[in-house]
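Chemist: Numbering (the numbering used here), first residue to last: 167 to 543. Virtual Cβ for every residue (Gly too), placed ideally from N, Cα, C. The structure presented is a predicted model; accordingly, all values stated were derived computationally and were not measured. Dropping the structure in here first, questions after.
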């Protein structure tokens, strides 16, 4: 019975420790395969039950046959509880608390008391209704929900990828409850508590059903530009706890070399040297095609058209606002490079549709996820 108690105790602890590593940053430090992370998550509820059942039996046998001392039994029980906490609660409920529901927003005038003109802002505008999401206020929640222009929305942000993407949160016609799980290949993954799905942020695709979330275009600009363009807009309000403030300081320290081109986690291919690893790009991905635009290209042309697969995309750099926008255009005889397009996408004959623009991703991460990408230098 003593050998059985030891065996059950070790098996339970190993399964729990593996899950705690897989579903936290520790798994990416050791470059755990993406399939292992997603596979463990898919069966985590059954594995939770197995861990608890084995641990209870092991502790019963240990106490019944005096296998371990009382102190060691207590420590073992605490170790099992810690594993279950990191598997199920640490990221989504304690550390990175998503605000898909119940997020608060303030006016431009209120936010102006707390933000500086150069604050990095993610902008989501639908039918004239605009929201600003300061980067620093998105680093921990990662997910913020709202209804904008009559549409349900979630703004998501992955600090490792430096990537804001907005989605319609409804999947297959059903409401969702998104929570943060972990990251793989230096990009955020989150789960829908209602369906059990896992979603990779950079692709916007559910892992198990392969459902693609509907994406909304996001434009990145500084606070000064947002105030000028959307004075009636609203701003996501985030008030960090003392623990959050400490975490943010650690984030900023850890991300400094990462943004310089030394990936925090060794999970990227790092094979494409067309650009420096840390260079931030503006990217568009449509179907199987992708294009990345380097800052040097805007130095030569502030407005240009390029092809992304079968779609023509117009890039515009607004110098006075220091922001880039991308629009979907047709090859209908119009010389789009010479047409005056205002920052709202309007021109003399109409309104352009925005493309889903990925702004700020380091080249090492963009080229990992979109290895087929073209590059405009």
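For residue 216, which residues of its own chain have a beta-carbon under 8 Å away from its beta-carbon, when the five flanking residues on both sides are left out?
Modeler: Taking C-beta separations shorter than 8 Å and ignoring five residues to either side along the sequence, the partners of residue 216 in its chain run 178, 181, following chain order.
Chemist: What's the call for residue 514, buried or exposed, on a 16-neighbour Cβ count within 10 Å?
Modeler: Under this definition residue 514 is an exposed residue.
Chemist: In angstroms with no decimal places, state the Cα-to-Cα distance between residue 512 and residue 213.
Modeler: 54 Å
Chemist: Considering only residues of the region 291-360, which uninterrupted alpha helix (DSSP H) runs meet the minimum length of 4 residues and lie entirely inside it, listed in chain order?
Modeler: 301-304
Chemist: Quick one: residues in its chain with C-beta nearer than 6 Å to the C-beta of residue 310, no 5 flanking neighbours on either side, listed in chain order?
Modeler: 265, 269, 321, 402
Chemist: According to DSSP, is residue 413 part of a helix, a strand, or is it coil?
Modeler: Helix, per DSSP.
Chemist: Would you tell me roughly how many angstroms separate the C-alpha atoms of residue 458 and residue 541, rounded to the nearest one?
Modeler: Cα to Cα, the separation comes out at about 5 Å.
Chemist: Indicate the three-state DSSP secondary structure (helix, strand or coil) for residue 273 in the structure shown.
Modeler: strand
Chemist: If residue 528 sits next to residue 446, beta carbons under 8 Å apart, how far is it from one beta carbon to the other, in whole angstroms?
Modeler: 6 Å
Chemist: Where residue 505 and residue 298 are concerned, what is the direct C-alpha to C-alpha distance, given to the nearest angstrom?
Modeler: 28 Å
Chemist: Pick from 313, 486, 328: whose alpha carbon is nearest that of residue 448?
Modeler: 328
Chemist: By DSSP, does residue 263 sit in helix, in strand, or in coil?
Modeler: coil
Chemist: With a floor of 4 residues, list each alpha helix (DSSP H) that falls wholly inside the region 361-413, ordered by position along the chain.
Modeler: 389-395
Chemist: Taking its Cβ as the centre, do 16 or more other Cβ atoms sit within 10 Å of residue 578, making it buried, or is it exposed?
Modeler: Nothing can be reported for residue 578, as the shown portion of the chain is limited to 167 through 543.
Chemist: With a cut-off of 8 Å on the beta carbons, I'd call residue 356 and residue 345 a contact; round off their distance for me.
Modeler: 6 Å
Chemist: Have a look at residue 390 and residue 279 and give me their C-alpha separation to the nearest angstrom.
Modeler: 13 Å
Chemist: What first and last residue would you give for the beta strand (DSSP E) that runs through residue 496?
Modeler: Premise fails: residue 496 is in no beta strand (DSSP E) and is neither H nor E.
Chemist: Quick one: Cα of residue 191 to Cα of residue 536, how far?
Modeler: 23 Å
Chemist: On a CA-only basis, which of 477, 464, 440 is nearest residue 456? Give me that one, please.
Modeler: Checked all of 477, 464, 440; the closest Cα to residue 456 is 477.
Chemist: Check whether the Cβ atoms of residue 472 and residue 481 sit closer than 8 Å, and answer yes or no.
Modeler: yes
Chemist: Hey, residue 419 and residue 306: beta-carbon distance below 8 Å or not?
Modeler: no
Chemist: Would you identify the three-state DSSP class for residue 254, choosing helix, strand or coil?
Modeler: helix
Chemist: Alpha carbons only, please: which of 508, 468, 362 is nearest the one belonging to residue 254?
Modeler: 362
Chemist: Nearest CA to the CA of residue 397: which residue from 263, 291, 205?
Modeler: 291
Chemist: Taking only the alpha-carbon atoms, compute the straight-line gap between residue 428 and residue 174 and give it to the nearest angstrom.
Modeler: 42 Å
Chemist: I think residue 318 touches residue 336, with their Cβ atoms under 8 Å apart; what is that distance to the nearest whole Å?
Modeler: 6 Å
Chemist: Going by DSSP in three states, residue 503 sits in which element: helix, strand or coil?
Modeler: Here residue 503 sits in helix by DSSP.
Chemist: Run the CB neighbour count on residue 524, radius 10 Å, all protein chains shown included, and call it buried at 16 or more, exposed below.
Modeler: buried
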